[in-house]
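From first to last, the protein sequence lines stand for chains A and B.
1 is the number of the first residue of the first sequence in my numbering; add one for each residue after it.
1001 is the number of the first residue of the second sequence in my numbering; add one for each residue after it.
Where a beta carbon is used, it is the ideal one built from N, C-alpha and C, also for glycine.
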Amino acid sequence: MNAEEVLEVFRKTLAEVEERDFSQITGASSLADLEVDSVAMMEVIGCIEDDLDIVIPDDAFTGAERVSDVVAAILAHLPG
Amino acid sequence: MSDFELPTNRAELFSLGLKLLDKDYFIGQFCPENGVDPTDLFAKAEVFGGLMSELRASGRFLFGMPVVSKPGPKVLIEEPDGNQREMIMFASNDYLGLSAHPEVHAAIREVVENYGVGAGSSRVNVGYSGIHRSLEAKLAKHWGQEAGLLYPTGYDAISSTIAALCGPNDRVIIDASSHSCIIDGARRSGATVRMFRHNDAKRLEAQLKRASDKGEGAILVVVEGAYSMDGDIAPLDTFVPLVKKYGARLMVDEAHAIGVLGARGHGAVEHFGLEDEVDLIGGTFSKSLGATGGFVVGDAAVLSYLNYLSTRIVFSAAFPPILAHGVSKAIDLMEADGGLRERLWENIRYFSDGFRKLGLELPEVEVGAVPVRIHKDGVMVDFAADLYEAGIYAIPIVYPSVPHGRSMFRLAMQSGHTTEQLDYALSVFERLLKKYEIL
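Shown next as structure tokens:
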């Protein structure tokens, strides 16, 4: 799975949890601009962990400011 | 102390005070940034203590002020300079005023001579008394369950039950507005923890489906009967069929619902008539029942398991038998005197209608506290200080307890509040809501 595919998973899961359209977000998008609160983001990450069958430690997202930071953290925990 | 200088802006000062209560922030960010010696274990505590003293001396940090009078709708607060101030209390969860009820006090006096003050040891050692046994039997019978089990506190009852029941192969699904005891227990269990949007059945089902699709271990859903910060109750009638559909178990923490909801004050499960459908019911005696201690009721075999595998039971002294006797009397009063609950709800309706008449938008209040949303984070510290000066004790709820822009006062009601007290509080709020341009 590459960065673009992970980004698509992130977009799709955000849309599922928040019931809004996130198709326009890119890696450069600011997380603050998404207007997704931290609890909803935890729900999103949990869903991604389940769907990709991975476990991501809580501190993997420390300091994340852009969507690309989240995508990188997910990529780093994918097998292989 | 480090060389850190406290902000002079009062809102920033208050915000800092709240941030310092987050241990991860204080140790992980504040201390390194301010040169606190990381090799001295106590250095951070000295810095913290100094900062807290200065914050309290500023008169803008109202948390933990000592009450020096009997609990109730009107109390005496002791200020840092020793001055005592009479306040109308809107921050206590003693919704029915049972902590100060003379019959509860008489019940405690009745047994203190024979049972002493403390339990003496853990309940699995010799800390279990006939009084504890009677209270467990009463809880089981009155809550319509097979058995009851007491814990030292309500926090222990919920957190330790989850931690003892669930393991690494299991999954705990919790509401996004869950109390710390639920989150703590779920994390300690080692199970996979998933949150769903507050009270959202669709998101609960999405989490249940993902858990079911994984097919690993068991699933426990934990919700609260009433959410005091959100001012709403869990839609248990919607949740129960979903939980059953996916073969999960449901535990309900009735902390803020006991004494407030249900025909006999048993909580949200009784309110919805789901006593036979919920797997475990837990709660605390520290709110409507006016004491301390916690409990879980449910299947006898499960509670026997919990009795020996809950760390908070095995490694903690049982809660005092005299309090168990007081709680037993408080349950009798709560069930028998429906007037207590009626007066509480009259006060909730009167107060929330009063705010609506002032022009404030208020949701339907389903719990024992009226949520007055201010939305302007920047005025909260001065607003709270003005309330304090006017003799109204109300704790401001600000970020990080709620998201930015959703600042509020959670005004906890009591059956003992008088109409005069509520009218006075409304008049003060009217003045301040205008002063801070909320109205």
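Taking 8 Å as the CB-CB cut-off, is residue i touching chain B?
i                           : result
aspartate 50 of chain A     : yes
valine 36 of chain A        : no
leucine 80 of chain A       : The amino acid at residue 80 of chain A is misidentified as leucine; the sequence shows glycine. Chain B, which has no Cβ nearer than 8 Å to the Cβ of glycine 80 of chain A, makes this no.
methionine 41 of chain A    : no
glycine 46 of chain A       : yes
phenylalanine 61 of chain A : no
So, residue i versus residue j, is the Cβ gap smaller than 8 Å?
i                          : j                          : result
serine 1407 of chain B     : isoleucine 1438 of chain B : no
alanine 1318 of chain B    : histidine 1132 of chain B  : yes
valine 1269 of chain B     : isoleucine 1258 of chain B : no
methionine 1251 of chain B : leucine 1344 of chain B    : no
leucine 1440 of chain B    : threonine 1292 of chain B  : Since the first and last residues shown for chain B are 1001 and 1439, residue 1440 of chain B lies out of range.
histidine 1256 of chain B  : valine 1367 of chain B     : yes
glycine 1273 of chain B    : aspartate 1253 of chain B  : no
valine 55 of chain A       : serine 29 of chain A       : no
cysteine 47 of chain A     : glutamate 16 of chain A    : yes
valine 1068 of chain B     : glutamate 1079 of chain B  : no
alanine 1164 of chain B    : serine 1310 of chain B     : yes
serine 1328 of chain B     : leucine 1135 of chain B    : yes
arginine 1469 of chain B   : leucine 1220 of chain B    : The displayed coordinates of chain B run from 1001 to 1439. Any statement about residue 1469 of chain B would go beyond what the structure contains.
glutamate 1205 of chain B  : leucine 1242 of chain B    : yes
alanine 1369 of chain B    : arginine 1341 of chain B   : no
alanine 3 of chain A       : valine 70 of chain A       : no
arginine 1306 of chain B   : tyrosine 1246 of chain B   : Looking at the sequence provided, one finds leucine at residue 1306 of chain B rather than arginine. For leucine 1306 of chain B and tyrosine 1246 of chain B, no; Cβs fall outside 8 Å.
Return helix, strand or coil for residue i, following the three-state DSSP convention.
i                             : result
lysine 1019 of chain B        : helix
glutamine 1084 of chain B     : strand
phenylalanine 1196 of chain B : strand
glutamate 1224 of chain B     : strand
leucine 1274 of chain B       : coil
alanine 1318 of chain B       : coil
glutamate 5 of chain A        : helix
leucine 1096 of chain B       : coil
methionine 1001 of chain B    : Low local confidence applies: a pLDDT of 47 at methionine 1001 of chain B is under 50, so the model's placement there is unreliable, and no value is given.
glycine 1293 of chain B       : coil
Of the residues the options, which one's Cα is nearest the Cα of residue i?
i                          : options                                    : result
glutamate 1005 of chain B  : B/Tyr1025, B/Leu1204, B/Asn1034            : B/Asn1034
isoleucine 1182 of chain B : B/Asp1170, B/Phe1042, B/Asp1156            : B/Asp1156
glycine 1167 of chain B    : B/Ile1158, B/Ser1159, B/Gly1225, B/Arg1188 : B/Arg1188
arginine 1203 of chain B   : B/Ala1218, B/Thr1238, B/Asp1022            : B/Thr1238
tyrosine 1128 of chain B   : B/Ala1412, B/Ala1369, B/His1325            : B/His1325
proline 1371 of chain B    : B/Asp1232, B/Asp1337, B/Asp1170            : B/Asp1232
arginine 20 of chain A     : A/Gly27, A/Leu34, A/Ser30, A/Ser29         : A/Leu34
isoleucine 1174 of chain B : B/Val1222, B/Glu1205, B/Ser1228, B/Asn1199 : B/Val1222
alanine 1330 of chain B    : B/Ser1015, B/Leu1021, B/Leu1096            : B/Leu1096
alanine 1119 of chain B    : B/Gly1049, B/Gly1130, B/Glu1254            : B/Gly1130
methionine 1334 of chain B : B/Arg1431, B/Val1260, B/Ser1121            : B/Val1260
glycine 1378 of chain B    : B/Gly1405, B/Asp1386, B/Arg1356, B/Pro1363 : B/Gly1405
arginine 1349 of chain B   : B/Ala1384, B/Met1087, B/Ser1415            : B/Ser1415
aspartate 1081 of chain B  : B/Lys1357, B/Ala1057, B/Asp1094            : B/Ala1057
tyrosine 1308 of chain B   : B/Val1327, B/Asn1125, B/Glu1346            : B/Asn1125
aspartate 50 of chain A    : A/Glu4, A/Phe22, A/Phe10                   : A/Phe10
isoleucine 1158 of chain B : B/Arg1312, B/Leu1362, B/Arg1431, B/Gly1359 : B/Arg1312
alanine 1390 of chain B    : B/Arg1085, B/Ser1304, B/Gly1217            : B/Arg1085
glutamate 1277 of chain B  : B/Pro1102, B/Arg1171, B/Val1297, B/Ile1027 : B/Val1297
threonine 62 of chain A    : A/Val6, A/Thr13, A/Met42                   : A/Met42
glycine 1072 of chain B    : B/Val1314, B/Tyr1393, B/Glu1342            : B/Tyr1393
tyrosine 1115 of chain B   : B/Glu1216, B/His1417, B/Pro1321            : B/Pro1321
Beta-carbon of residue i versus every beta-carbon of chain A: anything under 8 Å?
i                             : result
lysine 1019 of chain B        : no
arginine 1210 of chain B      : yes
phenylalanine 1196 of chain B : yes
alanine 1218 of chain B       : no
lysine 1245 of chain B        : no
proline 989 of chain B        : The first residue shown for chain B is 1001 and the last is 1439, placing residue 989 of chain B beyond what the model contains.
alanine 1176 of chain B       : yes
lysine 1214 of chain B        : yes
methionine 1001 of chain B    : Caution is warranted here: a pLDDT of 47 is assigned to methionine 1001 of chain B, below 50, making its placement in the model unreliable, and the coordinate value is therefore given only provisionally. No, methionine 1001 of chain B lies away from the interface with chain A (no Cβ there is under 8 Å from its Cβ).
Answer yes or no: does any C-beta atom of chain E fall closer than 8 Å to that of residue i?
i                     : result
leucine 14 of chain A : Here the protein chains are A and B, and chain E is not one of them.
Item to complete: Give, in chain order, every unbroken run of the alpha helix (DSSP H) that is at least 4 residues long and sits entirely within the stretch 1109 to 1187 of chain B.
Response: 1130 to 1142, 1154 to 1165
Worksheet item: What are the complete beta strand (DSSP E) segments, minimum 3 residues, inside the stretch 1361 to 1400 of chain B?
Response: List check, beta strand (DSSP E) in window: 1369 to 1373.
Worksheet item: Curious, which full-length alpha helix (DSSP H) runs of at least 4 residues does the stretch 21 to 73 of chain A contain?
Response: 38 to 52
Practice prompt. Any chance you could list the alpha helix (DSSP H) runs of at least 4 consecutive residues sitting entirely within the stretch 1202 to 1246 of chain B, in chain order?
Written response: 1236 to 1245
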